[in-house]
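Accompanying notes for the structure given below.
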Amino acid sequence: MPSTLSAPGIYIEELRGGPGPIVGVSTSFTAFVDWYARGPVGAATRVDSFEEFTRLFGGLHSQSCASYGVMQYFLNGGATAWIVRIGLADDKSATAKLKDEDDADTLTVTAAAPGGWGNGLRVAVTSGAADAVNLVVGEVAADGTIAVREIHRNLPAATADLIAAVNDASDLVLLTDIAATPKGPEPVAGSATGEPLDPTTYVGLTGGVDATVLKADGTANDATKLAAALEAGLAPLTRIEPAVFNLLCVPAAATLGDGLDELVDKASKFCEDNFAFLVVDPPPGAATDTGAEMAAWAAGTDAPTGSKNAAIYWPRLTMPDPLANGIARDTGPSGAVAGIFARTDATRGVWKAPAGIEATLRGADLSSVVNDADSARLNPIGVNVLRTFPVVGNVVWGARTLVGADLLASEWKYVPVRRTALYIEQSLRAGLKWVVFEPNDEPLWSQIRLNVGAFLQDLFRKQAFQGATPRDAYFVRCDRNTTTQGDIDRGVVNVLVGFAPLKPAEFVVIQIQQMAGQAAG
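Just so we're aligned: the sequence shown equals residues 0 to 520 in numbering that gives the first Met the number 0.
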């Protein structure tokens, strides 16, 4: 109550409100783990457009399956991606030497990340204010000119201090002292003032090498090393909190041959541990050219085992390759499908199957002709097909998980059912953090029921569940029955949430009866 009640009258007291509403998390932030032409290795970087991806990771590259997948993702409706560049032993960093006033090598300049991209970097030292120097970092543009990318002004000329200043600020280069002493010779300045405009003033970096990731036939050059690097590339996605990723694409996994199933199984388990969903590409080549061949592959030992947090799509795609004068290039469908997931989530909600005549594929064609017989063969075993129909064009025509085979009769048969559950789980996990360390008794349980119930009621109003009434659609239980005294003594509060998911209508049955012998009226 108010601290002082002296004169008769009305006093106002502001009371502490209850917990804030639970806000739904994203549903379609997609992670792409693969080799790229440039960019930081072993870190997850957020990009919000293909242009940003091109600036940070080099855009399309013939050795990068995922670079084409990222382009397809944004083209088909994706909005946000997390990019993880894997490192391979064959990647080499470009370097150059800077000289001191005695024309002796004093500093080594190394591209900030390995790869042939670093061979396009140019550096120059110019005079700054007083005894300071400037370091200019340029990059050779497509027309052969040098575009200035970074200018590090008024750096201390003392080598150790200059190295520390540049390495803290530059995204493109790293400096090391050749003499490896705390204070080496000072680097010599170039032009008297300003930044050099003459290309001969710059020192060029050389020696950068791109790894050979793929053979000419599109399979992995070294499947063992690539699989190990792709598996290691999953770990950075656990370090993006409080941000999240919802979908995972590893297009290069399809090139691993016999190693595909093992990596997909590991990636699926990773997704299960992180409330995410894996989109799987079929392998390239003749083994999956036809529906019968794909069915045989899916039933064989090289196919991934069942996971409720993964789905596979067939056939692969072909698209005009900008790097090869428009010649058709084979690509996996995962990037395009993830974009369709994002587009469907934005327009209809995560509970709507990302399939049907609205789920059109943009910017690519199917590598194989798919007919009703193929669909009838593959759909019952949990392989989602891509189809071509008159007027609408290429569409996703399946919505089953890797445990979606009819024989398995899994409750997680359908992609939208599993993804809706993941959305609810991740939203509640983020939205109930306020519960931790609160007194574990009925007042807390009541607040939890109210908090979670309001979130589910909002989903009910958006028609995310089956059922005509909230009672039919969902329930929330948190009381003495779910949380016993033993649970309380162990610091545990149990919340039981159930919902009636919407399931897609795969088969539309139309009954037609001929009315014979009746006069027209």
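Every residue gets a Cβ at the ideal spot worked out from N, C-alpha and C, and that includes glycine.
Spatially closest choice to residue i from the options, by CA coordinates
{"i": "K224", "options": "L74, D33, F454 and T3", "result": "D33"}
{"i": "A498", "options": "V263, T317 and L455", "result": "A quick correction: the sequence has Phe, not Ala, at residue 498. The shortest C-alpha separation from F498 is found at L455."}
{"i": "P281", "options": "R361, E13, D221 and G381", "result": "G381"}
{"i": "N393", "options": "L406, A95, L421 and I356", "result": "I356"}
{"i": "T29", "options": "Q62, G76 and P18", "result": "G76"}
{"i": "I487", "options": "V435, K91 and L501", "result": "V435"}
{"i": "P536", "options": "R347, K268 and T359", "result": "It is not possible to answer for residue 536, since the shown part of the chain is limited to 0 through 520."}
{"i": "P500", "options": "E441, D457 and R418", "result": "R418"}
{"i": "D272", "options": "P20, R37, R460 and T237", "result": "T237"}
{"i": "L55", "options": "S63, Y67 and G38", "result": "G38"}
{"i": "E240", "options": "V402, T44, V384 and F73", "result": "T44"}
{"i": "R470", "options": "N480, R479 and F459", "result": "F459"}
{"i": "G348", "options": "D440, A123, P415 and W444", "result": "P415"}
{"i": "L443", "options": "D478, I326, E424 and A463", "result": "D478"}
{"i": "D440", "options": "A398, A6 and Q484", "result": "Q484"}
{"i": "D457", "options": "G115, R15, I9 and I21", "result": "I21"}
{"i": "G114", "options": "V122, A93, M293 and C270", "result": "A93"}
{"i": "R315", "options": "G217, R148 and N480", "result": "G217"}
{"i": "A234", "options": "A215, K268 and G430", "result": "K268"}
{"i": "W433", "options": "R386, A141 and P18", "result": "P18"}
{"i": "M293", "options": "A375, V69, V136 and M318", "result": "A375"}
{"i": "V139", "options": "G203, K96 and L59", "result": "G203"}
{"i": "Y422", "options": "G325, N480, W350 and T482", "result": "W350"}
{"i": "G377", "options": "T287, S63, G430 and V491", "result": "The sequence given here has Leu at residue 377, not Gly. Here the closest residue by C-alpha is T287."}
{"i": "D221", "options": "C248, D257, V249 and A398", "result": "D257"}
{"i": "A291", "options": "R148, N324 and N370", "result": "N370"}
Residue i, DSSP secondary structure in three states
{"i": "D33", "result": "strand"}
{"i": "N528", "result": "Because residue 528 is not part of the residues shown, which for the chain are 0 to 520, the question remains open."}
{"i": "V347", "result": "The residue asked about is misnamed: residue 347 is Arg in this sequence, not Val. In the structure shown, R347 sits in coil (DSSP, three-state: anything other than H, G, I, E or B)."}
{"i": "S61", "result": "coil"}
{"i": "E437", "result": "coil"}
{"i": "N378", "result": "helix"}
{"i": "P155", "result": "coil"}
{"i": "Y422", "result": "helix"}
{"i": "D160", "result": "helix"}
{"i": "V24", "result": "coil"}
{"i": "T224", "result": "Per the sequence shown, the amino acid found at residue 224 is Lys instead of Thr. In the structure shown, K224 sits in a helix (DSSP, three-state: H, G or I)."}
{"i": "E261", "result": "helix"}
{"i": "A110", "result": "strand"}
{"i": "S126", "result": "strand"}
{"i": "T287", "result": "helix"}
{"i": "F538", "result": "Since the first and last residues shown for the chain are 0 and 520, residue 538 lies out of range."}
{"i": "G203", "result": "strand"}
{"i": "K432", "result": "helix"}
{"i": "R399", "result": "strand"}
{"i": "F474", "result": "strand"}
{"i": "A297", "result": "helix"}
Contacting residues, own chain, Cβ-Cβ under 8 Å from residue i (five flanking each side not counted)
{"i": "S25", "result": "T79, V243 and N245"}
{"i": "A298", "result": "I380"}
{"i": "A164", "result": "H151, L154 and P155"}
{"i": "S5", "result": "none"}
{"i": "N166", "result": "L173 and L174"}
{"i": "T192", "result": "Because the pLDDT at T192 is just 41, under 50, the model does not fix this residue reliably, and the point stays unresolved."}
Close beta carbons around residue i, own chain, < 7 Å, minus the five adjacent residues each side
{"i": "T180", "result": "Confidence at T180 is low in this model, with a pLDDT of 45, below 50, so its placement is unreliable and the value that follows should be read with caution. Hits under 7 Å: none found."}
{"i": "F474", "result": "G497"}
{"i": "V46", "result": "F52, L55, A80 and I82"}
{"i": "E437", "result": "L443"}
{"i": "D130", "result": "A156"}
{"i": "F340", "result": "S27, L246 and P353"}
{"i": "L322", "result": "L59 and S61"}
{"i": "K91", "result": "P113, G206, G207 and V208"}
{"i": "Q510", "result": "none"}
{"i": "G41", "result": "G86 and P235"}
Close-in-space but distant-in-sequence residues of the same chain around residue i (CB under 6 Å, 5 per side omitted)
{"i": "A219", "result": "L225, T254 and L255"}
{"i": "R121", "result": "G137, I145, Y201 and G203"}
{"i": "V492", "result": "N439 and T482"}
{"i": "A65", "result": "F31, D33 and P250"}
{"i": "G430", "result": "I21"}
For the region 332-339 and the region 396-408, state whether three or more C-beta atom pairs, one from each stretch, are separated by less than 8 Å.
No, the region 332-339 is not in contact with the region 396-408.
Would the region 218-237 and the region 365-378 be scored as touching if the rule is three or more Cβ pairs under 8 Å?
Too few Cβ pairs lie closer than 8 Å, so no.
Using 8 Å as the cut-off, can you tell me whether the region 107-115 makes contact with the region 165-179, which would need three or more C-beta pairs spanning the two stretches below that distance?
The region 107-115 is in contact with the region 165-179.
Using 8 Å as the Cβ pair cut-off and three pairs as the minimum, do the region 78-92 and the region 204-214 touch?
Output reads yes: the region 204-214 touches the region 78-92.
Should the region 261-270 be regarded as contacting the region 305-313, the criterion being three or more beta carbon pairs within less than 8 Å?
They touch, by the three-pair rule.
Just list the alpha helix (DSSP H) runs in the region 302-348, keeping only unbroken ones of 4 residues or longer that don't cross its boundaries, in chain order.
With a minimum length of 4 residues, the continuous alpha helix (DSSP H) runs that stay inside the region 302-348 are 333-346.
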